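Student: With the numbering used here, letter number 411 in the sequence shown gets 394, and the count goes up by one each step, no holes.
Even glycine gets a Cβ: it sits at the ideal position worked out from N, Cα and C.
As the structure is a computational prediction, the values presented were derived from the model and not from experiment.
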Amino acid sequence: MREQKENYILVGMAVLDLKRKLAILSDAAKYDASCASSGSVRRDSVGGKGVGSTDGGMGICHAYAPDGRCISLLKILLTNFCVYDCAYCVNRVSSNVPRARFAVDEVVDLTLGFYRRNYIEGLFLSSGIIRSPDYTMEEIVRVAKTLREVHDFRGYIHLKLIPEASPALVNEAGLYADRVSVNIELPKDESLASLAPEKDVVGIKKAMGAVRVSEDAAKDKGRKTRPPKFAPAGQSTQMIVGADAATDGAILKRSEGLYGAYGLRRVYYSAFSPIPDATARLPVKRAPLVREHRLYQADWLMRFYGFERAEILGEAEDLDLAVDPKLAWALRNRGEFPVDVNVADRERLLRVPGLGVRSVDRILDVRRFKRLELADVKRLTRGIEKLKPFLVTADWSPGALTDQEGLRERFAPEPRQLELF
Ligand code: SF4
-16 MREQKENYIL
-6 VGMAVLDLKR
4 KLAILSDAAK
14 YDASCASSGS
24 VRRDSVGGKG
34 VGSTDGGMGI
44 CHAYAPDGRC
54 ISLLKILLTN
64 FCVYDCAYCV
74 NRVSSNVPRA
84 RFAVDEVVDL
94 TLGFYRRNYI
104 EGLFLSSGII
114 RSPDYTMEEI
124 VRVAKTLREV
134 HDFRGYIHLK
144 LIPEASPALV
154 NEAGLYADRV
164 SVNIELPKDE
174 SLASLAPEKD
184 VVGIKKAMGA
194 VRVSEDAAKD
204 KGRKTRPPKF
214 APAGQSTQMI
224 VGADAATDGA
234 ILKRSEGLYG
244 AYGLRRVYYS
254 AFSPIPDATA
264 RLPVKRAPLV
274 REHRLYQADW
284 LMRFYGFERA
294 EILGEAEDLD
304 LAVDPKLAWA
314 LRNRGEFPVD
324 VNVADRERLL
334 RVPGLGVRSV
344 DRILDVRRFK
354 RLELADVKRL
364 TRGIEKLKPF
374 LVTADWSPGA
384 LTDQEGLRER
394 FAPEPRQLEL
404 F
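(1) Does T385 pass the burial test, meaning 16 or more other C-beta atoms within 10 Å, or should it be called exposed?
(2) Considering only residues of the same chain and omitting the five flanking positions on each side of P308, which have a CB-CB separation below 7 Å?
(3) Does the distance between the C-beta of A83 and the nearest non-hydrogen atom of ligand 1 fall short of 7 Å?
(4) Using a Cβ-Cβ cut-off of 6 Å (strictly less than) and excluding sequence neighbours within five positions of R249, which residues of its own chain qualify?
(5) Short check: CB of L235 to CB of L241, under 8 Å?
(6) Would you call the segment 191 to 198 in contact with the segment 83 to 100, where contact means no fewer than 3 C-beta pairs closer than 8 Å?
(7) So what's R249 in DSSP terms, helix, strand or just coil?
(8) Does Y118 pass the burial test, meaning 16 or more other C-beta atoms within 10 Å, or should it be called exposed?
(9) What did DSSP end up calling V375 once you bin it into helix, strand or coil?
(10) Just reading off the beta strand (DSSP E) that H134 is part of, what are its end residues?
(11) For P146, does the count of other Cβ atoms within 10 angstroms reach 16, so buried, or fall short, so exposed?
(12) With DSSP run on the structure shown, which of helix, strand or coil describes R424?
(13) Please determine, among N63, L310 and A12, the residue with the shortest C-alpha to C-alpha distance to E392.
(14) Between the Cα of A156 and those of S256, R131 and R331, spot the shortest distance and give me the residue it belongs to.
(15) Which residues does DSSP pair with A263 in a beta bridge?
(16) Identify every residue that forms a DSSP beta bridge with I140.
(17) Mind reading off the beta-carbon distance from I113 to V163? Whole number of angstroms is fine, and I expect it under 8 Å.
(18) Give a yes or no on whether 8 Å exceeds the smallest Cβ distance from A190 to chain D.
(19) Please determine, among I346, M191 and D15, the residue with the shortest C-alpha to C-alpha distance to V326.
(20) Does the separation of the CB atoms of V165 and I187 fall below 8 Å?
(21) Compute every distance between the C-beta of A179 and the non-hydrogen atoms of ligand 1, then say whether any falls below 7 Å.
(22) Taking C-beta to C-beta, are T405 and V324 nearer than 8 Å?
(23) Measure the Cβ-Cβ separation of Y98 and V124 and say whether it is below 8 Å.
(24) Which residues in the same chain as R292 place their Cβ atom closer than 7 Å to its Cβ, once the five residues preceding and following it in sequence are excluded?
(25) Locate the alpha helix (DSSP H) running through S164, then write down its first and last residues.
(26) Report the option in T94, E173 and L61 whose CA atom is closest to the CA atom of E121.
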């Protein structure tokens, strides 16, 4: 029955024109958030060699790298048909959406065409699972291989891996891609088993592990022959937030485990948004975007600011949505403040609300030559108001402000009356 439906859909899809396919398959790809292109190697076509470059450019789908650089990618699915039935996915087999499928050559031609017109810097390619995981993975790899080997394409390529595909295909994908990713999908194994019964969390983790092994082998300097490059921009994953009852604590715990075990470059958080004809087991309302934003901030604190997960959450199971996690931590730990900007070490300065990594490095640079006053700090940071209760400078001390009772209210937005209708 499922095979019959697939064949019927595939025959129908063959007659769609390219523009219609592009409309369907770029729209279907928008649910995947894991596509920033940070950290790849520089590759270019200066001197007339090859097509494309991983530097600069402007394009269609914008994603933001951790360094704040905006990059543009052709972000599409090879097909939005899928033999799996993950309840949270608009492309599941039981979903009643228009289907389309690109041929390998069509994706290659589109990528090259858009690249030459300067619309994109690279390709993000994912796919529903057609026929089998290996068949699908082979098709995805063929796109990347043709771009690299036949057309000498030097732009950025991010390939989504199919976890159940053979390790040899996963390895081949990494040879052509800058970045690869396998979606962990949900923060809890039980939720995955219930909402995506055909997916296997062990298989997903195995695929991540295989990528890590290949990454490490590619970096092994002790080998006599130079190993081939493997996904130089590393691997990432995506977690849907708010599709199940997992707390922010559970979500961050899973991220912490993934960063540690598989050396992921990044975990992306995607606020669940309702899909048509969804099961009653899914929420009817979308998860608040501010929750997604707070999770990114907490994730950043764990990776770049030296915070432990338990410190970020305190006694709570969820993040405070009204204020950012660093400010929430500072308000709970006022005994740690104020911090003297002229003597504190880097670790302590990084804990001051409102001071980012770049501001802290600037402060450390400048204070070698002079004692900093409030006006200096203002020049070196994005804003001074948030900092004042937590900072001592040559001409400023917050006094009782640090312990003031209503301090949180100064930063939290005014509560709003919810709409009734
Ligand atoms: S395998 Fe991927 S594309 Fe297929 S239904 Fe599940 S989430 Fe959607």
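Tutor: Judging by the given coordinates:
(1) Residue 385 sits at position 402 when you count from the first residue of the sequence shown. With 16 or more other Cβ atoms within 10 Å, it is buried.
(2) Residue 308 sits at position 325 when you count from the first residue of the sequence shown. So the qualifying residues of the chain are R277, Q280, A281, L284, I295 and L302.
(3) Here residue 83 refers to the residue found at position 100 of the sequence shown. The answer is no for A83.
(4) Translated into positions along the sequence shown, residue 249 becomes position 266. Closer than 6 Å at the Cβ level, and outside the excluded window around R249, lie S219.
(5) Residue 235 sits at position 252 when you count from the first residue of the sequence shown. Residue 241 sits at position 258 when you count from the first residue of the sequence shown. It is not a contact, given that the beta carbons lie outside the stated cut-off.
(6) no
(7) For the purposes of this step, residue 249 is identified with residue 266 of the sequence shown, where counting begins at 1. Secondary structure at R249: strand, using DSSP grouped into helix, strand and coil.
(8) As a first step, residue 118 must be located in the sequence shown, where it is residue number 135. Burial call: exposed.
(9) Within the sequence shown, the letter at position 392 stands for residue 375. Looking at V375 - three-state DSSP - the assignment turns out to be strand.
(10) In the sequence shown, counting from the first residue as 1, residue 134 sits at position 151. Unbroken run through H134: none, as it is neither H nor E.
(11) Counted from its first residue, the sequence shown places residue 146 at position 163. So P146 counts as buried.
(12) Nothing about residue 424 can be reported from this structure: the residues present for the chain run from -16 to 404 only.
(13) Taking the first residue of the sequence shown as position 1, residue 392 is located at position 409. When each option's Cα is compared against that of E392, the closest is L310.
(14) Here residue 156 corresponds to residue number 173 of the sequence shown, with the count starting at 1. When each option's Cα is compared against that of A156, the closest is R131.
(15) Position 280 of the sequence shown, counting from 1, holds the residue named residue 263. Bridge partners of A263: none, in fact.
(16) Indexing the sequence shown from 1 puts residue 140 at position 157. Answer is L106.
(17) Stepping through the sequence shown from its first residue, residue 113 is reached at position 130. Stepping through the sequence shown from its first residue, residue 163 is reached at position 180. Incorrect: roughly 19 Å between the Cβ atoms, too far for contact.
(18) Absent from the structure: chain D. Only one protein chain is present.
(19) Within the sequence shown, the letter at position 343 stands for residue 326. That would be I346, whose Cα lies nearest to the Cα of V326.
(20) Residue mapping note: residue 165 aligns to position 182 of the sequence shown, counting from 1. Residue mapping note: residue 187 aligns to position 204 of the sequence shown, counting from 1. Closer than 8 Å, so yes.
(21) In the sequence shown, residue 179 corresponds to position 196, counting from 1. Because some heavy atom of ligand 1 lies under 7 Å away, the Cβ of A179 counts as near it: yes.
(22) Nothing in the structure corresponds to residue 405, since the chain is present only between -16 and 404.
(23) Taking the first residue of the sequence shown as 1, we reach residue 98 at position 115. Taking the first residue of the sequence shown as 1, we reach residue 124 at position 141. No. Outside cutoff.
(24) Working through the sequence shown from its first residue, we reach residue 292 at position 309. Excluding positions up to five away in sequence, the list reads L235, K236, E239 and M285.
(25) Taking the first residue of the sequence shown as position 1, residue 164 is located at position 181. Looking at the DSSP string, S164 is not in any alpha helix (DSSP H); the run it does join, the beta strand (DSSP E), is R162 to S164.
(26) Your numbering for residue 121 matches position 138 in the sequence shown. It is L61.
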